[in-house]
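I have placed the structure first, in the form of structure tokens, so that the comments after it can refer back to it.
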Amino acid sequence: MTLSSMTGFARGQGTSASYAWAWEIRSVNAKGLDVRLRWPPGWDAVDAPVRARAAEVLSRGAVNATLTVERPGAQPEVRVNEQVLSAVLATMNNLAGKVDAAAPRLDGILAIKGVVEVHDAEESEAERRSAEAAAVDGFAQTLVSLAEMRRHEGEVLGHVLTTRLDEIAALVARAEASPGRRPEAIRQRLQEQVAALLENSARFDSDRLHQEAIVLATKADIREELDRLTAHVGQANKLIKAGGAVGRRLDFLSQELNRETNTLCAKSNDIELTNIGLELKNLVEQFREQVQNLE
6 MTLSSMTGFA
16 RGQGTSASYA
26 WAWEIRSVNA
36 KGLDVRLRWP
46 PGWDAVDAPV
56 RARAAEVLSR
66 GAVNATLTVE
76 RPGAQPEVRV
86 NEQVLSAVLA
96 TMNNLAGKVD
106 AAAPRLDGIL
116 AIKGVVEVHD
126 AEESEAERRS
136 AEAAAVDGFA
146 QTLVSLAEMR
156 RHEGEVLGHV
166 LTTRLDEIAA
176 LVARAEASPG
186 RRPEAIRQRL
196 QEQVAALLEN
206 SARFDSDRLH
216 QEAIVLATKA
226 DIREELDRLT
236 AHVGQANKLI
246 KAGGAVGRRL
256 DFLSQELNRE
266 TNTLCAKSND
276 IELTNIGLEL
286 KNLVEQFREQ
296 VQNLE
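All you need for the numbering used here is the position in the sequence shown, starting with 1, plus 5.
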């Protein structure tokens, strides 16, 4: 399986008997699957089957689909409105002896508004039902094109996310190798701080300060944060490789990456580790933003 983006566009069209239909489908990011449909008056029958097709193919995204229908194959019917024609002829007869004018011509009479009416050919129930079924099948075919576009964008996103994870892993390795996180370095910094305090005041209890220094040294250890960051990066890579609708799980992992990075920054009492933490925060945020586009 491959990754899929939630953004895409597709258009499809076709004919059925005297009908010509066209679908336009657009999709953007959403927390779940939200399908919004628009169709011509009287075409409500396509609603349920179209929604069912969308749910079979898509897992997430705000999907807007518009159906347009025309009947270019329907021959127009010309009808004479007998009541209007009778009224016109009666009026002409009444005026015949009163107005000095030439006798009316047939084309002039037919040009009078309301005498001739042009109607679309009456719909056949069977043709209409066949056209509705064709439109539903056409939606399914157009949906395939939309899904293909989303998969193509998902493939590009996958490369971007993998690159970000590699960069995060490289920063974690830098933090791991940083001299500032070694116990002896932490102990040295605390000893210097304690010595400075004792030198400036005689009221400090050196034993108590020693105990507090041990506690601070323990809290300053970022071993667990580095381990969890490594584990989250590995899990994210597995999800991306597996593909499918993994956007929500990757979003959860991005939140976990952010939490561990914040803890690392809070614990750091070394300039290099602090700088690494800030770089991590930037990369994790970039990762999270891209994940929002995944299905």
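Note that the Cβ used here is the ideal one computed from N, Cα and C, for glycine as well. In this text the structure is predicted, and so the values were computed from the model without any measurement.
Check, Outcome
"N69 versus I30: straight-line alpha-carbon distance, rounded", "6 Å"
"The segment 12-20 / the segment 93-104 touching (three or more Cβ pairs under 8 Å)", "no"
"Rounded distance between the beta-carbons of R65 and G37, thought under 8 Å", "6 Å"
"Contacts around T147, its chain only, beta-carbon distance under 6 Å, and the 5 residues preceding and following it disregarded", "A15, G17, W28, I30"
"Proximity of I173 and L278 at Cβ, strictly below 8 Å", "no"
"Contact under 8 Å by Cβ, D39 with A67", "yes"
"Simplified DSSP state of D39, which is helix, strand or coil", "strand"
"Classification of E137 by the beta-carbon crowding that lies within 10 angstroms, buried from 16 upward", "buried"
"Cα-Cα separation, A59 to N280", "47 Å"
"Alpha-carbon spacing of K103 relative to R84, whole angstroms", "31 Å"
"Cβ shell of Q240 (< 7 Å), same chain only, five flanking positions each side left out", "L258"
"N298 burial status per 10 Å Cβ neighbour count (16 or more: buried)", "buried"
"Beta carbon of L283 nearer than 8 Å to that of E230", "no"
"DSSP bridge partner residues for P135 (one or two, in chain order)", "Per the sequence shown, the amino acid found at residue 135 is Ser instead of Pro. The partner list for S135 (beta bridge, DSSP) is empty, contrary to what the question assumes."
"Cβ-based burial, L87 [other Cβ within 10 Å; buried from 16]", "Note that residue 87 is Glu in the sequence shown here, rather than Leu. Label assigned to E87: exposed."
"Euclidean distance between Cα positions of A250 and S150", "18 Å"
"Cα-Cα separation between E290 and E265, rounded to whole angstroms", "13 Å"
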